[in-house]
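Participant: Heads up, the sequence shown stops at 594 in this note's numbering, and the numbers go up one at a time, no gaps.
In this text, a Cβ means the ideal position worked out from N, Cα and C, and glycines have one as well.
Below are the structure tokens for one structure; questions will follow.
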Amino acid sequence: MSFLLAWLLLAPGAPGAVVVMPVANMYSGPTEDTDIVSQAICGTSVVVLEEKDEWVKVRTPDAYPGWMPLKSLRRYGPDDHPYASSAKAVQVVSLSANVYREPDVTKHHPVLTLPFEARLAVAAETGNDGGRWIEVRLPDGRSAWIQRGDVDSNPRPLSVKETIELAKRFLGCTYLWGGTSSFGFDCSGFVQMLVRRRGTVLPRDADLQAGWEGIKPVKRNQLRAGDLLYFGESPQEITHTGMYIGHGKFIHDTTNEHPGVQTSRLADQPWTKLLVACRRVK
């Protein structure tokens, strides 16, 4: 399921908004003194559920609720379509991409630096150098320019092999609690992104993922590359997740030993003891 389709299914007639910041934190309450529960990246359409002072409670396309500062968003008018919902849109495929106010990397600093998967509306595809640049309309309405090599105008679902290759591009990416972007993932945010690139929108948290109806249980001795692994004290207390990549190894974003995306051996401790569920996307 695509992000746009997910948003439409979640939001019939509901007021909407689009994230204007590179990455917007979502909090458990309407203050930055509460814990961060998730994030939403630039260009993501959200449903507005509630307002309090300069804060709004939103729901993201994966059905996850949280509070954001109002400044993180631009509201849709009653006649507006979701941002970048037309065929003329691009998605960032580099781990990060700079957006400039003119088609030149030397004249001014970037307007924004965007993470992987950020979505932008296309204004024009002609530049002064014969096609290196694409003019975009940012979610806040400004015009800007991005290099064609940083984006894809027609991202397609990936195969398992391609997903594993993608996962390895993030090796060393830092761990960030609540993170859902290439600026920092947590474990479930990383796995959710990988499965999303295969065309499926998983629930946000590891325990919810393990129990989701869109994946099925598999036995440990029947694991295949691309299967999902869930770890914890018991199947009812899942606290970590990763993706099996074959040959007894898996890739995950963890704080164990050194924080960040890394590969580990399933036979090693503490993982072999903590593995409580194996799942396969249907």
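(1) Tell me the DSSP secondary structure of LYS383 in three-state form.
(2) Do three or more CB pairs link the segment 511-530 to the segment 474-487 at distances below 8 Å?
(3) Determine the burial state of HIS393: buried for a count of at least 16 other Cβ atoms within 10 Å of its Cβ, exposed for fewer.
(4) Would you tell me roughly how many angstroms separate the C-alpha atoms of LYS419 and ASN410, rounded to the nearest one?
(5) Kindly indicate the opening and closing residues of the beta strand (DSSP E) around GLN459.
(6) Assuming GLU429 contacts ILE353 (C-beta within less than 8 Å), just tell me the rounded distance between them.
(7) Which same chain residues end up closer than 6 Å to LEU514 when comparing Cβ atoms and leaving out the 5 residues on each side of it in sequence?
(8) If I measure Cβ to Cβ from ALA579 and keep anything under 8 Å in the same chain, skipping five residues before and after, which residues do I get?
(9) What number of angstroms, rounded off, separates the C-alpha of VAL335 from the C-alpha of LEU426?
(10) Please go through the segment 486-515 and give each complete alpha helix (DSSP H) segment of 4 or more residues, from N-terminal end onward.
(11) For CYS590, which of PRO571, PRO547, GLY572 and LEU361 has the nearest alpha-carbon?
(12) Are there 16 or more other CB atoms within 10 angstroms of the CB of THR346, so buried, or fewer, so exposed?
(13) DSSP has LYS369 in a bridge; who is on the other side?
(14) Consult DSSP for ALA589 and reduce its assignment to one of helix, strand or coil.
(15) Is the segment 443-457 close to the segment 365-372, with three or more CB pairs under 8 Å?
(16) State the beta-bridge partners of GLN403 as determined by DSSP.
(17) Can you check DSSP and say which residues form a bridge with PHE543?
(18) In angstroms, rounded to a whole number, what distance separates the CA positions of TYR395 and TYR542?
(19) Within the same chain, show all residues whose beta-carbon is closer than 6 Å to that of ARG387, passing over the 5 residues directly before and after it, in chain order.
(20) TYR477 by DSSP, collapsed to three states: which one?
(21) May I have the straight-line CA-CA distance separating TRP457 from GLY491, to the nearest angstrom?
(22) Short of 7 Å in beta carbon distance, which residues of its chain neighbour ARG444, apart from the five on each side in sequence? Order them along the chain.
(23) The alpha helix (DSSP H) that contains ALA518, what's its start and end?
(24) Identify the residues that DSSP records as bridge partners of TYR412: which are they?
(25) Relative to the C-alpha of ALA436, which candidate in SER465, HIS421 and PRO422 has its C-alpha closest?
(26) For ARG516 and ILE348, I'd like the C-alpha separation in whole angstroms.
(27) Of all the options VAL573, GLU366 and LEU385, which has the alpha carbon lying nearest to the alpha carbon of VAL358?
(28) Tell me which residues share the same chain as TRP583 and place their Cβ nearer than 7 Å to its Cβ, disregarding the 5 neighbours each side in the sequence.
(29) Our contact map puts GLY484 next to VAL573 with C-beta atoms below 8 Å; I'd like the distance itself, whole angstroms only.
Facilitator: According to the structure data:
(1) Correct three-state label for LYS383: helix.
(2) They do not touch, by the three-pair rule.
(3) Answer is exposed; the Cβ neighbour count stays below 16.
(4) Spanning the two alpha carbons is a distance of roughly 13 Å.
(5) 455-459 is the extent of the beta strand (DSSP E) around GLN459.
(6) Contact between GLU429 and ILE353 is confirmed by a C-beta separation of about 6 Å, below the 8 Å threshold.
(7) Excluding positions up to five away in sequence, the list reads GLN504, VAL507 and GLN521.
(8) Listed in chain order, the non-local C-beta contacts of ALA579 below 8 Å within the same chain comprise GLY560, local neighbours out to five positions each way being set aside.
(9) Going from the Cα of VAL335 to the Cα of LEU426 covers about 8 Å.
(10) Runs found: 499-508.
(11) Looking at the Cα atoms, PRO547 is the closest of the given residues.
(12) Label assigned to THR346: exposed.
(13) DSSP lists GLU362 and TRP379 as the beta-bridge partner residues of LYS369.
(14) The answer is strand: DSSP assigns ALA589 an E or B state.
(15) Judged by Cβ distances under 8 Å, the segment 443-457 makes no contact with the segment 365-372, as fewer than three pairs qualify.
(16) Answer is ARG431 and ASP464.
(17) DSSP lists HIS552 and LEU587 as partners of PHE543.
(18) Put simply, the backbone Cα of TYR395 is about 35 Å away from that of TYR542.
(19) Beyond the five residues adjoining it in sequence on each side, ARG387 comes within less than 6 Å, by CB distance, of ALA329 in the same chain, given in chain order.
(20) Before going further, note that residue 477 is Glu rather than Tyr in the sequence given. Annotated three-state conformation of GLU477 is helix, per DSSP.
(21) Distance from the CA of TRP457 to the CA of GLY491, rounded to the nearest whole angstrom, comes to 26 Å.
(22) Counting only Cβ-Cβ distances below 7 Å, and skipping sequence neighbours, we find GLN459 and ARG460.
(23) It spans 518-522 - the alpha helix (DSSP H) in which ALA518 sits, taken as one unbroken run.
(24) Looking at the DSSP assignment, TYR412 forms a beta bridge with TRP457.
(25) For ALA436, the nearest C-alpha among the options comes from SER465.
(26) Rounded to whole angstroms, ARG516 to ILE348 spans 13 Å at the Cα level.
(27) It is LEU385 whose Cα lies nearest to the Cα of VAL358.
(28) Answer for TRP583: PHE543 and SER576, listed in chain order.
(29) Sure, about 6 Å apart at Cβ, within 8 Å.
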